[in-house]
Structures are given as C-alpha cells and as structure tokens.
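To start, the structure itself, in structure tokens.
In this note's numbering, the protein residues as written are 1 to 176.
Next up, the structure:
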C-alpha cells in the first residue's frame with residue numbers, strides 16, 4: 001500500500017474540519033476548540049503558504065500535508081522547527097539538539113486506526129521530510145495515549161521527560 005504526502009491546500013479544509021471534529025481525534029487534538037469552516041480557514045489558511053503568523057507578526061515556517069493511503073485521504077501531518085513555537089507550558093527545549101524539528105500527526109479516518117499505519121506513516125515522513133533537513137525530531141503526545149506512544153516508539157522516538165503534571169510525554173528521535 002502506498003503512502004503519499006500532498007501539501008495542504010484549501011480544498012482539503014472540509015476534510016480537516018471533519019477529522020478535527022471526529023471523536024478519536026478530538027480526544028487528543030485541540031479538545032477545547034469547536035471547529036467550524038471559518039476556524040479551520042483561520043488556523044490553517046497560512047499553512048497553505050507554508051507559514052504560521054505569530055503574535056509578533058513574524059512568519060514561521062510550517063510544512064503541512066494531507067496524507068493518502070492507496071489514493072484515499074487518511075490524515076494530516078505538519079512539520080516545523082521545534083524552537084519556533086513555545087510549548088504549551090513554556091518549558092524550555094534546552095539540552096535538545098540544535099537542529100530540532102517537531103511534528104504533529106492525526107489519522108482522521110477510523111478505518112486506518114489500530115492497524116499499524118501510524119508507524120508506517122511516521123517512518124516514511126521522517127525519511128522523506130525530516131532526516132534530510134534536521135538532526136532530530138520532537139513530539140509531545142498525551143502521556144495517556146498508549147497507542148500513539150507505541151507508534152512513536154516503533155519509529156525510534158525515545159521518551160525523555162514528562163511535563164504538564166505528567167500528562168504530556170516529550171519524545172525525541174535522532175537521525176541515524
């Protein structure tokens with residue numbers, strides 16, 4: 001089965017809206033946000049041009065993709081420089097590699113859950129988009145999300161610390 005990453009475009013926004021409001025995604029991605037077409041356009045509109053506008057009006061690079069499994073849209077993944085954006089609790093990334101990316105991923109279509117797709121998607125994405133440009137990759141999944149943690153571990157991410165009252169795991173994968 002083929003996995004293809006397509007840069008995010010506005011025609012993908014209805015899919016993003018559907019996925020972000022799906023219960024299995026909502027459980028671990030922006031739980032407090034009620035997604036609407038306008039909110040999706042506001043949040044992801046600049047990602048189509050590969051940046052996020054920060055409060056200080058500085059454009060920070062973001063690469064956003066919809067991934068397809070055998071030509072079927074299945075989820076969303078985004079990549080950025082880890083130090084370009086502060087963590088939710090403002091914890092410092094000091095001590096981690098200088099050339100550090102970060103990513104967020106969601107499998108939007110339920111039919112691909114629990115079948116090992118997460119680690120396949122991550123492995124291919126890391127090989128194609130992360131490793132050529134960065135020495136390491138950072139993720140910060142919900143510590144209670146065991147399935148997501150396992151997918152990261154299968155792709156050689158190592159847990160380095162737990163933050164936010166033990167609710168968030170910091171994991172890093174260094175390039176081989």
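Just so it is clear, CB atoms sit at the ideal spot from N, CA and C, and this is done for glycine as well. The structure presented is a predicted model; accordingly, all values stated were derived computationally and were not measured.
What is the DSSP secondary structure of residue i, reduced to helix, strand or coil?
{"i": "residue 39", "result": "helix"}
{"i": "residue 18", "result": "helix"}
{"i": "residue 170", "result": "strand"}
{"i": "residue 123", "result": "helix"}
{"i": "residue 94", "result": "coil"}
{"i": "residue 183", "result": "Only positions 1 to 176 of the chain appear in this structure, which leaves residue 183 out of reach."}
{"i": "residue 74", "result": "strand"}
Kindly give me the distance between the Cβ atoms of residue i and residue j, rounded to whole angstroms, as I take these residues to be in contact under 8 Å.
{"i": "residue 4", "j": "residue 121", "result": "Not a contact, Cβ separation roughly 11 Å."}
{"i": "residue 155", "j": "residue 119", "result": "5 Å"}
Please confirm whether residue i and residue j have their CB atoms less than 8 Å apart.
{"i": "residue 169", "j": "residue 140", "result": "yes"}
{"i": "residue 20", "j": "residue 48", "result": "no"}
{"i": "residue 10", "j": "residue 97", "result": "no"}
{"i": "residue 29", "j": "residue 17", "result": "no"}
{"i": "residue 73", "j": "residue 62", "result": "no"}
{"i": "residue 172", "j": "residue 138", "result": "yes"}
{"i": "residue 143", "j": "residue 123", "result": "no"}
Use the C-beta contact count for residue i: other C-beta atoms within 10 angstroms, 16 or more gives buried, fewer gives exposed.
{"i": "residue 52", "result": "buried"}
{"i": "residue 33", "result": "exposed"}
{"i": "residue 44", "result": "buried"}
- Message: As an exercise, report each continuous alpha helix (DSSP H) stretch of at least 4 residues that is fully enclosed by the stretch 110-167, in chain order.
- Response: DSSP runs (the alpha helix (DSSP H)) wholly in the stretch 110-167: 117-125 and 146-154.
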